[in-house]
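Visitor:
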Amino acid sequence: MWVTMTSWWLPLLAAPFAGSLLFVLVRRLPREVPDLWGRSRCETCGHALAPWELVPIASFAIQRGRCRACGSLISPDHLAAEFLAVLIAAAVAATGADGMQLWAGCALGWTLLALGWIDSEHFLLPDALTLPLIVAGLTEAWWDVPEALADRAIGAIAGYVVFRLLAWGYRWVRKREGLGHGDAKLLAASGAWLGTLPLPTTVLLAALIGLRLALLARVRGATLSAATALPFGPSLAIATFAMWLLRTWLG
Ligand SMILES: [Zn+2]
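Residues 5 to 255 in the working numbering are what the sequence shown lists, from first letter to last.
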């Protein structure tokens, strides 16, 4: 049983389903849809999807990306979420992680994908994802590397406190809100997964990614000024996952 659990291809097989699931979260969490885990429906006509219409990638291909009931186009984002989830699982597997660490890395990457996605569309990092991610990081340490648990716990606290201080300083200097509470909780999650030492590098990397994304947005025609709000969550999510991959790969 353990041998099959450590097989690298299992998460790859599970990834499209995870992607499909996290797409449901991306769509429903920010809108506070009451039945979060209710049946998936066509976003145009409300047609409830049968189980065989929910097979990742295959259903999309067979139905040529259209709803079977009303014929309207299914959001290509759904397919993108499934592919990104596969890409994340492949990246985790490529680090040589196995067993518990393999699944933990996938869970981290998939959750960060959902968080970054939601933040980029809604300027929101839901507690329903950040808080469990903190707990999961500490649980993973306790299970897999108990000697690192204290450092990870300190990392989580330091992540939160440092970010709150940054936000306070920013507000004091710029007289406006720039960094949210959600970002602080996401950095706490980074600390819980990475430990204390990698945190400054992670924040720096996130800032660089943020700059890059801002430049890209400008190239694509968005006018940016110092007052333009750009979500920090996506950059922090990418930086956290990149640092986790690097640490695991260096092992
Ligand atoms: Zn429809």
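Quick reminder that beta carbons are idealized off the backbone N, C-alpha and C, glycines included.
Remember, it's a predicted structure, so these values are computed and weren't measured experimentally.
Report yes if the CB atom of residue 245 is closer than 9 angstroms to the CB atom of residue 184, and no otherwise.
Guide: Cβ distance not < 9 angstroms, so residue 245 and residue 184 don't count as in contact.
Visitor: Label residue 17 either buried or exposed according to how many other C-beta atoms from any shown protein chain fall within 10 Å of its C-beta, with 16 as the threshold for buried.
Guide: Answer is exposed; the Cβ neighbour count stays below 16.
Visitor: Sort 171, 43 and 192 by Cα distance to residue 25 and report the nearest one.
Guide: Nearest C-alpha to residue 25: 43.
Visitor: At a threshold of 8 angstroms, does residue 75 count as lining ligand 1 (C-beta to nearest heavy atom)?
Guide: Residue 75: yes, Cβ under 8 angstroms from ligand 1.
Visitor: Check for me: the alpha helix (DSSP H) holding residue 105 runs from which residue to which?
Guide: Where residue 105 is concerned, the enclosing alpha helix (DSSP H) stretches over 104-126.
Visitor: Nearest-angstrom Cα distance between residue 110 and residue 76?
Guide: Cα to Cα, the separation comes out at about 32 angstroms.
Visitor: Judging by CA-CA distance, which residue of 69, 82, 209 and 65 is the nearest neighbour of residue 250?
Guide: Out of 69, 82, 209 and 65, 209 has the C-alpha closest to the C-alpha of residue 250.
Visitor: Taking 8 angstroms as the cut-off, is the CB of residue 244 close to at least one heavy atom of ligand 1?
Guide: No, since every heavy atom of ligand 1 falls outside the 8 angstroms radius drawn around the Cβ of residue 244.
Visitor: What did DSSP end up calling residue 300 once you bin it into helix, strand or coil?
Guide: The question about residue 300 has no answer here: the residues shown for the chain are numbered 5 through 255.
Visitor: Provide the residue span of the alpha helix (DSSP H) that contains residue 143, from first to last.
Guide: 131-148 is the extent of the alpha helix (DSSP H) around residue 143.
Visitor: If contact is defined by three or more beta carbon pairs under 8 angstroms, each pair taking one atom from either stretch, is the stretch 132-140 in contact with the stretch 49-59?
Guide: The answer is no - the stretch 132-140 does not touch the stretch 49-59, with fewer than three Cβ pairs under 8 angstroms.
Visitor: Leaving aside the five residues before and after residue 27 along the sequence, list all residues of the same chain whose C-beta is less than 6 angstroms from its C-beta, in chain order.
Guide: Cβ neighbours of residue 27 beyond the five flanking positions: 82 and 85.
Visitor: Straight-line CA distance for residue 99 to residue 207?
Guide: Cα to Cα, the separation comes out at about 22 angstroms.
Visitor: What did DSSP end up calling residue 175 once you bin it into helix, strand or coil?
Guide: Residue state, collapsed to three classes: helix.
Visitor: Is there contact between the stretch 211-224 and the stretch 235-242, where contact requires at least three CB pairs shorter than 8 angstroms?
Guide: The answer is yes - the stretch 235-242 touches the stretch 211-224, with three or more Cβ pairs under 8 angstroms.
Visitor: Helix, strand or coil for residue 70? Go by DSSP, reduced to three states.
Guide: Residue 70 falls in the strand class under three-state DSSP.
Visitor: Does the distance between the C-beta of residue 51 and the nearest non-hydrogen atom of ligand 1 fall short of 8 angstroms?
Guide: Answer for residue 51: yes, Cβ within range of ligand 1.
Visitor: For residue 179, count neighbouring Cβ atoms within 10 angstroms of its own Cβ and tell me buried if that reaches 16, exposed if not.
Guide: When all chains shown are included, residue 179 counts as exposed.
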